[in-house]
Amino acid sequence: MDEIVYRLNAEVSAAIDCTQCGACCKQLIVNITPSDADRMSTHLQLSTPQFKDKFVEEGSSGMMIMNTIPCHFLAGNKCSAYEARFTECREFPDLHKPNFRSRLFATLIHYAMCPIIYNVVEELKEETGFTPKSPDGNLIEASHENIDTPD
18 MDEIVYRLNA EVSAAIDCTQ CGACCKQLIV NITPSDADRM STHLQLSTPQ
68 FKDKFVEEGS SGMMIMNTIP CHFLAGNKCS AYEARFTECR EFPDLHKPNF
118 RSRLFATLIH YAMCPIIYNV VEELKEETGF TPKSPDGNLI EASHENIDTP
168 D
């Protein structure tokens with residue numbers, strides 16, 4: 018499965034410029050690692066404590082997240098700090114990572130938001146025969162008549 022997803026992700030990502038979208042920046046909570054905080058602090062010419070005071074909320078477990086949605090660094094549909102962006106931002110939508118099946122639920126949560134995820138999932142459904150079709154090739158619509166139920 019991973020090899021198919023890698024290939025589809027490469028094809029779809031080549032056709033969609035994710036820096037033009039910004040949907041993830043408008044909707045997602047971003048986790049921030051200590052190295053992310055240091056990198057962004059340097060980029061913004063702030064000390065790390067200044068950066069954290071201004072942009073970060075710290076959870077009870079010590080995990081850091083951005084303190085607003087949409088992201089502070091979103092300008093139009095683009096990241097104004099793209100070169101210093103956080104690790105989660107660099108890696109999203111995570112379709113290049115191994116064990117796709119273990120992340121399927123998280124991927125589907127973002128299906129309607131991210132055009133790359135949407136297109137990869139649709140192509141994946143087509144390639145794997147996931148979408149049921151009738152003998153004439155048309156999609157089968159879900160209805161109670163199409164569902165076999167035990168007597």
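Heads up: the sequence shown runs through residues 18 to 168, numbered per this note's numbering. Every residue gets a Cβ at the ideal spot worked out from N, C-alpha and C, and that includes glycine.
Residue i, buried or exposed, once every other Cβ within 10 Å from all chains shown has been counted against 16
i: N26; result: buried
i: I134; result: buried
i: L121; result: exposed
i: M83; result: buried
i: H127; result: buried
i: L125; result: exposed
i: P110; result: buried
i: F117; result: buried
i: D32; result: The question names Asp, yet the displayed sequence has Ala at residue 32. By the neighbour-count rule (16 or more Cβ atoms within 10 Å), A32 is not buried but exposed.
i: S119; result: exposed
i: I46; result: exposed
i: S58; result: buried
i: F90; result: buried
Counterpart residues of residue i in DSSP-defined beta bridges
i: E139; result: According to DSSP, which records beta bridges pairwise, E139 is partnered with nothing at all.
i: I49; result: M81
Cutoff 8 Å; reference residue i; Cβ partners in own chain excluding five residues on either side
i: Y99; result: T36
i: E108; result: K114
i: R24; result: none
i: V138; result: T124, L125, Y128
i: A54; result: T65, F68, K69, V73, M81
Residue i vs residue j beta-carbon contact at 8 Å
i: C41; j: P132; result: no
i: A101; j: R56; result: yes
i: E143; j: I21; result: no
Same chain only: Cβ atoms within 6 Å of residue i, ignoring 5 sequence neighbours per side
i: D19; result: P115, F117
i: I164; result: Low confidence applies here, because I164 scores a pLDDT of 48, under 50, leaving its location unreliable; read the following figure in that light. Taken in chain order, the list of residues that qualify is empty.
What residue ranges within the stretch 54-141 form continuous alpha helix (DSSP H) runs of no fewer than 4 residues, ordered along the chain?
-> 65-72, 104-108, 121-126
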